[in-house]
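Start counting the sequence shown at 1; every next residue gets the next number (the UniProt record's numbering).
For glycine and all other residues, C-beta sits at the position ideal for the given N, C-alpha and C.
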Amino acid sequence: GAGGRMAEAQTRAELGVAFALDASDAAAGAGGRMPPSDSGDEGDAAVSSVAERVAGLARFLCEGMGASDALSAERLAASLVRAGSPYAHPEMLEQKVRRLQNTLALDSLDVMSLVLADAQVLHVDAGSAVRRLLEMLAVWPAGRAACALSNCPRLLYVEDFSERYAGTQDALVGLMGVSEADAAFCLSEEPGLLWTLLVHTDPILSWRARDIAELPMSVQNDISFGLRSKYAL
């Protein structure tokens, strides 16, 4: 709708500003420094500068954005700074996280936690986020969608969610003899099954003719945990 297009346009505008900031930083650096030499002092200064930016961004993540895991914050900061990401600028990072939080608007979902777990979330524009969310809300209530996203942030940028979901739900119903509702709950608890179950599809036998013991133990455990969780709540 119009609101989604406006949000997407604004996000793209933010990215344009961020890239402009990077370009101006590079230009300022080139104009304000002597050409690099082979001296160790300049190399040490460059390393020190990167380290300071990483430390500053990590501190901002913890103190300014509520990141509770300092190690994850430092890891994210290092990846953004060293990759030259526009989101290495604290103001751009904060704006993008806030934009996604407002776009998704799920009460129990913390977008900052998603970003700490998977930095690729930062590259999801508002329009795509809305489309993915609507696909999830078509199969899960809001609370279950938030749980699935928290457990698997890549759901926010997977392109074939609906097809993956339908195939995996059918597989669980056939394999385990459960209802579609139970399979839906299982997938909200263990959304990684959207990637790990269908790769074991048999070209001849249907899922109803299969036994869970044929699957890798990790997949068996995810299925068992996801189904048990419904009755543990």
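Go through its chain and collect everything with a Cβ distance to residue i's Cβ below 6 Å, but skip five positions before and after it.
i	result
Ser188	Trp140, Arg144, Cys147 and Ala148
Val121	Leu114, Val115, Pro153 and Leu156
Asp196	In the sequence as presented, Asp is not what sits at residue 196; that position holds Thr. The answer, listed in chain order, is Val219.
Asn151	Pro191
Secondary structure at residue i, three-state DSSP: helix, strand or coil?
i	result
Met217	helix
Thr201	coil
Ala73	helix
Gly66	coil
Cys147	helix
Gly226	helix
Tyr157	coil
Ser162	helix
For residue i and residue j, which I take to be in contact (beta-carbon distance under 8 Å), what is that distance rounded to the nearest angstrom?
i	j	result
Ala129	Leu93	Actually they are not in contact, since the Cβ atoms of Ala129 and Leu93 sit about 16 Å apart, beyond 8 Å.
Arg53	Ala83	At roughly 12 Å, the Cβ-Cβ gap does not stay under 8 Å, so Arg53 and Ala83 are not in contact.
Tyr165	Leu193	So it is not a contact: roughly 10 Å between Cβ atoms.
Leu71	Leu57	About 14 Å separates the two Cβ atoms, so there is no contact after all.
Leu61	Ala51	That belief does not hold up - the Cβ atoms of Leu61 and Ala51 are roughly 16 Å apart, past 8 Å.
Between which residues of its own chain and residue i is the CB-CB distance below 8 Å, once the five residues before and five after are set aside?
i	result
Ser206	Gly174
Val178	Leu172, Cys186 and Leu227
Just mark residue i as buried or exposed, buried being the case when its beta carbon has 16 or more other beta carbons within 10 Å.
i	result
Ala23	In this predicted model, Ala23 has a pLDDT of only 41, less than 50, meaning its place in the structure is not dependable enough to derive any value.
Ala184	buried
Ala181	exposed
Asp202	exposed
Ile212	exposed
Gln169	buried
Ala105	exposed
Give every residue of the same chain whose Cβ lies closer than 7 Å to the Cβ of residue i, excluding the five residues on either side of it in the sequence, and list them in chain order.
i	result
Thr103	Ala7, Ala126, Ala129 and Val130
Under 7 Å from any heavy atom of the ligand GDP, does the C-beta of residue i make it?
i	result
Leu71	In the structure on display, the ligand GDP does not appear, and there are no ligands present to speak of.
Quiz item: Where are the alpha helix (DSSP H) runs, 4 residues long or more, that stay fully inside the region 114 to 143, in chain order?
Solution: 126 to 137
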